[in-house]
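A short write-up of the structure that comes next.
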Amino acid sequence: MQYDYLIVGAGLYGAVFAQQAMAAGKSCLVVDKRPHLAGNIYTEQIEGINVHRYGAHIFHTNNKAVWDYVNGYAVFNRYTNSPVANYHGEIYNLPFNMNTFNKMWGVTTPADAQAEIERQRAAHFTAQPQNLEEQAINLVGTDIYEKLIKSYTEKQWGRPCTELPSFIIKRLPVRFTYDNNYFNALYQGIPCGGYTKLVEGMLAGADIRLNTNYLQEKPALDALAGRVIYTGPVDAYFDYRLGALQYRSVRFETETLDVENYQGNAVVNYTDHETPYTRIIEHKHFEFGTQPKTIISREYSAEWKPGDEPYYPVNDDANNALYAQYKALADAEPHVVFGGRLGEYRYYDMDKVIETAMATAAVELEKINQYTV
Ligand code: UDP
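In terms of our numbering, the sequence shown opens at residue 6 and continues consecutively.
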């Protein structure tokens with residue numbers, strides 16, 4: 006065996022695992038089928054702007070250890086995500102806060118906003134919300150649900166809100182203060198110079214093979230290392246033998262525009278039903294860019310099919326049940342650890358990816374040391 010670990014996927018999970026393993030003196034070979042590092046957090050510089058090629062990534066965490074860890078690889082700027090929603094040309098602040106309530110109903114005090122939400126949800130209140138629609142109406146009432154949640158969510162997930170799990174909407178804060186910060190996290194920012202640099206720093210010292218499709222070269226690659234960390238789709242690993250898990254994919258229509266400032270914000274969500282895309286990202290605003298041109302990406306959400314990039318696991322009951330069966334196969338797979346959004350079929354944020362990669366690495370390294378001592 007040439008390496009202690011073969012790490013399949015050079016995204017955030019694989020990079021953190023490799024970094025932890027190398028810090029413990031282990032050797033790593035990292036393979037990725039794409040021609041670049043960093044998985045879906047890959048950023049590419051065009052016109053001096055770091056373009057988030059696979060969708061916008063805004064780092065946020067409450068975990069000081071995770072924050073200190075990423076700051077060891079990049080300087081983070083002070084970017085605070087404050088997306089706005091465009092509903093038929095009406096602009097609302099997100100997440101749902103006093104600015105949103107004032108624009109929606111003209112209310113100016115938290116008490117009046119709460120009273121209005123209470124009035125709207127009273128007819129629909131469900132003590133134990135079973136789906137996203139019930140959860141959303143409980144949280145913010147029917148007006149906000151209809152204008153800012155329903156169509157956006159249905160475009161993003163391709164399913165009615167009544168068939169989606171309620172936890173998705175609980176990702177968004179509801180605040181009775183005039184605070185447009187999308188996240189409640191203590192720490193937030195974008196790595197200056199882009200995410201690719203961050204991952205390159207974590208992977209320094211690892212052997213790397215890009216353009217390498219593990220599943221197509223499995224026997225030869227497996228022969229190189231004692232243990233495998235697999236961060237690709239769990240169902241693909243098992244050749245979809247129990248059926249395919251569902252994912253949502255995203256198509257990005259990216260354009261360079263000869264204007265300095267196209268939309269005045271990094272993120273504008275289109276929450277109406279008619280606009281075919283879910284949001285427009287204007288990448289320069291993540292780093293307060295002053296370049297003469299700008300680059301925007303329109304995001305079109307679609308059901309994943311073979312050949313597409315999987316982005317979001319669809320964690321509804323049917324898919325979770327199928328995943329549980331794959332998880333049993335994964336647990337029984339000798340020498341392989343499954344990790345990350347695709348390997349564990351979880352809607353992870355980046356900080357959670359780092360937490361789980363570190364926790365898994367700690368357990369794994371303990372185990373491997375026991376064998377080798
Ligand atoms: N959401 C919404 N309206 C918005 C933004 C978000 O209803 O304008 C809901 C929607 O259900 C979405 C969820 O919040 O699926 C999570 O959105 P987030 O922006 O966190 O998703 P991500 O950035 O991970 O794509």
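C-beta atoms are modelled at their ideal positions from N, C-alpha and C, and glycine is treated no differently. All figures in this text were calculated on a predicted structure; none of them were measured in a lab.
Neighbourhood of residue i by C-beta distance below 7 Å, restricted to the same chain and skipping five residues each side
i      : result
Leu226 : Leu11, Val36 and Tyr219
Contact check, residue i vs residue j, beta carbons under 7 Å
i      : j      : result
Val233 : Val368 : no
Lys31  : Tyr92  : no
Thr283 : Ala90  : no
Val358 : Tyr47  : no
Tyr183 : Met103 : yes
Gly231 : Met6   : yes
Leu203 : Ala79  : yes
Tyr97  : Thr105 : yes
Gly4   : Asn55  : It is not possible to answer for residue 4, since the shown part of the chain is limited to 6 through 378.
Pro318 : Tyr245 : no
Phe101 : Val179 : yes
Arg126 : Gly146 : yes
Ligand 1 heavy atom lying under 6 Å from the CB of residue i
i      : result
Ala190 : no
Ala337 : no
Tyr157 : yes
Arg58  : no
Asn104 : no
Leu153 : yes
Arg176 : yes
Thr261 : no
Gly307 : A small correction: the amino acid at residue 307 is Ala; Gly does not occupy that position in the sequence shown. Ala307 Cβ: outside cutoff for every heavy atom of ligand 1.
Thr299 : no
Ala118 : no
Ala90  : yes
Gln161 : yes
Thr113 : no
Asn274 : yes
Ile122 : no
Ile173 : yes
Close beta carbons around residue i, own chain, < 8 Å, minus the five adjacent residues each side
i      : result
Asn270 : Ser87, Pro88, Val89, Glu287 and His290
Glu159 : Pro165, Cys166 and His278
Own chain residues within Cβ distance below 6 Å of residue i, not counting five before or after
i      : result
Trp72  : Thr66 and Tyr192
Gln140 : Pro134, Ser171 and Ile174
Whole-Å CB distance - residue i paired with residue j, under 8 Å assumed
i      : j      : result
Tyr350 : Val239 : 6 Å
Gln25  : Met355 : No, Gln25 and Met355 are not in contact; Cβ-Cβ is about 16 Å, not under 8 Å.
Exercise for the section: Counting only runs of 4+ residues fully inside the stretch 42-86, write out the alpha helix (DSSP H) ranges in chain order. Expected result: 69-76
Handout entry: beta strand (DSSP E) runs contained entirely in the stretch 80-139, provided each spans 3 or more residues
Key = Within the stretch 80-139, the complete beta strand (DSSP E) runs of at least 3 residues are 89-92 and 95-98.
Handout entry: Contiguous beta strand (DSSP E) assignments of at least 3 residues, all confined to the stretch 279-317
Key = 284-287 and 299-308
Exercise for the section: Ignoring anything shorter than 4 residues or poking outside the stretch 168-218, list the alpha helix (DSSP H) runs there in chain order. Expected result: 200-207
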